[in-house]
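I have placed the structure first, in the form of structure tokens, so that the comments after it can refer back to it.
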Amino acid sequence: MNQKGFASILVIWIIVAVIAIGTGGYFYVSKQNKEIPTEDLVINEPANTAPAFENNDFPDTTAKQEQEPKKETVPPLAETRSETQKVAITQGPPPVSPTTKEPIIDPQSVCNRTFLPKYSSGPHYTGPLFDAHFHMPSSKGLAEMMSQKHGGESTSDPVLGKDVTLEEILCFFNKEEVRGAIGFYALDPTSLGDTLEVARNIKEESLGSIALFLMPITLDAEKLDSLHQSNAGLFKGYGELGFYDVWLKPLTPSDPKLFNIYGVAEKYGLIVMMHPDAGQKSNIETALQNNPGVNFLLHGFQAEDYITDLMDRYPNVYFSIDSAVLYPMMGLFMSGPKEVFISRFEQEFDSILSQDISKWKGKIERYPNRFMWGTDRGVKWHYDEEISILFEEFARAFIARLDPAVQENYAYQNAEKLLGR
Numbered sequence: 383m384n385q386k387g388f389a390s391i392l393v394i395w396i397i398v399a400v401i402a403i404g405t406g407g408y409f410y411v412s413k414q415n416k417e418i419p420t421e422d423l424v425i426n427e428p429a430n431t432a433p434a435f436e437n438n439d440f441p442d443t444t445a446k447q448e449q450e451p452k453k454e455t456v457p458p459l460a461e462t463r464s465e466t467q468k469v470a471i472t473q474g475p476p477p478v479s480p481t482t483k484e485p486i487i488d489p490q491s492v493c494n495r496t497f498l499p500k501y502s503s504g505p506h507y508t509g510p511l512f513d514a515h516f517h518m519p520s521s522k523g524l525a526e527m528m529s530q531k532h533g534g535e536s537t538s539d540p541v542l543g544k545d546v547t548l549e550e551i552l553c554f555f556n557k558e559e560v561r562g563a564i565g566f567y568a569l570d571p572t573s574l575g576d577t578l579e580v581a582r583n584i585k586e587e588s589l590g591s592i593a594l595f596l597m598p599i600t601l602d603a604e605k606l607d608s609l610h611q612s613n614a615g616l617f618k619g620y621g622e623l624g625f626y627d628v629w630l631k632p633l634t635p636s637d638p639k640l641f642n643i644y645g646v647a648e649k650y651g652l653i654v655m656m657h658p659d660a661g662q663k664s665n666i667e668t669a670l671q672n673n674p675g676v677n678f679l680l681h682g683f684q685a686e687d688y689i690t691d692l693m694d695r696y697p698n699v700y701f702s703i704d705s706a707v708l709y710p711m712m713g714l715f716m717s718g719p720k721e722v723f724i725s726r727f728e729q730e731f732d733s734i735l736s737q738d739i740s741k742w743k744g745k746i747e748r749y750p751n752r753f754m755w756g757t758d759r760g761v762k763w764h765y766d767e768e769i770s771i772l773f774e775e776f777a778r779a780f781i782a783r784l785d786p787a788v789q790e791n792y793a794y795q796n797a798e799k800l801l802g803r
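Per this note's numbering, residue 383 is the first one in the sequence shown, and the count goes up by one each step.
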């Protein structure tokens, strides 16, 4: 190769080297100028901001070129933090858990109970029940009023929210497969608004499954009429009207004061539930005859011997055969103590059942649409689990010995039809 040719090649190599060095420096400087501190980027530029173009004719490749440097230079937010900042994140105070409320009863677990007979071998009715005679616990306001009235002595009746809650009552219903109840509820005349509010809550929380019957605090028909006008649909009946009780003892079911109450009941479609005293059959007949538009629901051993006579003549009379009638055992059902009641019941279960079937089976089957089941729950220990088990088993054993054609009528259908359900 001659010197001229070699010189030409050398010049070319020098030019290429200069261009390469210059170009590399240019790209190095350009890259340094484009890098932006991550923290500034996070602060000043909204996340996921797409590039905006005034000219919609820009090709897609241009947009990609604009976005690609950001992908390379902007790592995830956590990675842009300094080590001190990372510690601050991981070592910060633990999240505060929400305030814990009272445990809510789970009907799928706590309130389910498999029926396992303990006292009898069967057969047993397996369908639903409806408690047609249930005494709602007193409101706290009424309990306090009664305590003051009796010199500060605490009431022996259960108090709602103290001795038993509405949730617990509904839980027992679920365990026993009781789909509803007629609940007798007394109002406190000194705090009418509060006890009416409790009544509304019972209706709402039970989803209407508890049909409240008002135990009248007055026999003033005008006041009761006003009460129903301002609380439409809250009560489904009056009762229990216990004519054996002190405050009604001077009166009978045919007293003019009671006839005024029956008039209000007819006006609002209310049922009248009464427990007559001994020797009041003729008084009840007078009430039935003169108030054909009112349905009367009776219970109590005082009327059990003549109830079918009344049913023969009056289509508006019904009867609940409840626990106080089925197994009073010399008053142990109400007076207790619980342990004695359970002990006696275990010993006499079969004999009591046999006696009750002998007394009631023919009557129920003769009037299959008039009789209904109930518990007459009303004292504190009636809400104990072992009593609940006993109530349910006796009911199912008794119902199973009726004609299958009337079992559901007595167990729940008659009560629901009487309430218009």
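All C-beta atoms, glycine included, are put in the ideal place defined by N, C-alpha and C. Everything numeric in this text was worked out from a predicted model, so none of it was measured.
Out of the options, point me to the one whose CA is closest to residue i's CA.
i      : options                        : result
Glu721 : Lys799, Pro571, Phe641, Trp763 : Trp763
Ala685 : Pro674, Gly675, Ile703, Pro697 : Ile703
Tyr765 : Met527, Cys553, Ala525, His506 : Cys553
Asn791 : Ala514, Glu604, Gly504         : Ala514
Ser733 : Asn494, Cys493, Ser502, Thr496 : Ser502
Phe780 : Leu714, Leu679, Val707         : Val707
Ser736 : Gln530, Asp545, Leu801, Ala777 : Ala777
Glu768 : Val560, Thr668, Phe723, Lys743 : Phe723
Tyr650 : Gln789, Glu728, Asp607         : Asp607
Leu548 : Arg582, Gly575, Ser705         : Arg582
Gln789 : Gly575, Gly802, Leu801, Ile739 : Ile739
Val492 : Glu728, Gly543, Tyr507, Phe555 : Phe555
Gly575 : Tyr507, Glu667, Leu633, Asn613 : Asn613
Does DSSP put residue i in a helix, in a strand, or in coil?
i      : result
Ala685 : coil
Asn430 : Annotation note: pLDDT 36 at Asn430 (below 50); position unreliable, coordinate value reported separately. The answer is coil: DSSP assigns Asn430 none of H, G, I, E or B.
Asp694 : helix
Arg748 : helix
Phe554 : helix
Met527 : helix
Ile703 : strand
Met712 : coil
Tyr507 : coil
Asp766 : coil
Ile599 : coil
Glu549 : helix
Gln576 : One point to set straight first is that residue 576 is Asp, not Gln, in the sequence displayed. Note: Asp576 maps to helix in three-state DSSP.
Leu640 : helix
Glu559 : coil
Val646 : helix
Arg783 : coil
Ala514 : strand
Tyr794 : helix
Lys799 : helix
Leu606 : helix
Phe727 : helix
Gln789 : helix
Rounded to the nearest angstrom, how far is the Cβ of residue i from that of residue j, given a contact under 8 angstroms?
i      : j      : result
Gly562 : Glu798 : 7 angstroms
Lys585 : Asn494 : Not a contact, Cβ separation roughly 24 angstroms.
Pro571 : Pro540 : At roughly 20 angstroms, the Cβ-Cβ gap does not stay under 8 angstroms, so Pro571 and Pro540 are not in contact.
Val699 : Leu714 : In fact, because the Cβ distance is near 29 angstroms, the residues do not count as touching under 8 angstroms.
Gly523 : Ser588 : Not quite, the Cβ-Cβ distance comes to about 20 angstroms (not below 8 angstroms), so this is no contact.
Phe701 : Phe773 : At roughly 19 angstroms, the Cβ-Cβ gap does not stay under 8 angstroms, so Phe701 and Phe773 are not in contact.
Arg695 : Met711 : Between Met711 and Arg695 the Cβ distance is about 33 angstroms, and since that is not below 8 angstroms, they are no contact.
Leu633 : Gly624 : So it is not a contact: roughly 11 angstroms between Cβ atoms.
Report yes if the C-beta distance between residue i and residue j is below 7 angstroms; otherwise report no.
i      : j      : result
Ala793 : Leu511 : yes
Phe617 : Leu594 : yes
Ala846 : Val654 : This structure cannot speak to residue 846, because the chain is shown only from 383 to 803.
Phe566 : Glu622 : yes
Met693 : Tyr749 : yes
Asn665 : Pro697 : no
Pro505 : Ala787 : no
His657 : Gly619 : no
Lys663 : Tyr626 : no
His517 : Gly760 : yes
Ile592 : Leu569 : no
Ser717 : Asp758 : no
In chain order, what residues of the same chain lie with their CB nearer than 8 angstroms to the CB of residue i, ignoring the 5 residues before and after it?
i      : result
Pro638 : none
Ala603 : Asn642, Ile643, Gly645, Val646
What residues in its chain sit with their C-beta under 7 angstroms from that of residue i, if we drop five residues either side in the sequence?
i      : result
Lys500 : Ile771, Glu775
Val676 : Tyr644, Ala647, Glu648, Val654, Asn698
Lys446 : Low confidence applies to Lys446: its pLDDT is 36, below 50, so where it sits in the model is not reliable enough to give any reading.
Glu559 : Pro510, Leu511
Asn751 : Asn791, Asn796
Leu784 : Lys743, Ile746, Glu747, Tyr792
Taking Cβ positions only, does residue i come closer than 7 angstroms to chain C?
i      : result
Ala563 : No chain C appears in the structure shown, which is made up of a single protein chain.
Can you give me the Cβ contacts of residue i inside the same chain, cut-off strictly under 6 angstroms, excluding the 5 residues immediately before and after it?
i      : result
Val580 : Ser521
Thr690 : Lys745
Tyr709 : Ile734
Ala669 : Pro635, Ser636
Arg803 : none
His610 : Tyr650
Leu596 : Phe617, Tyr620
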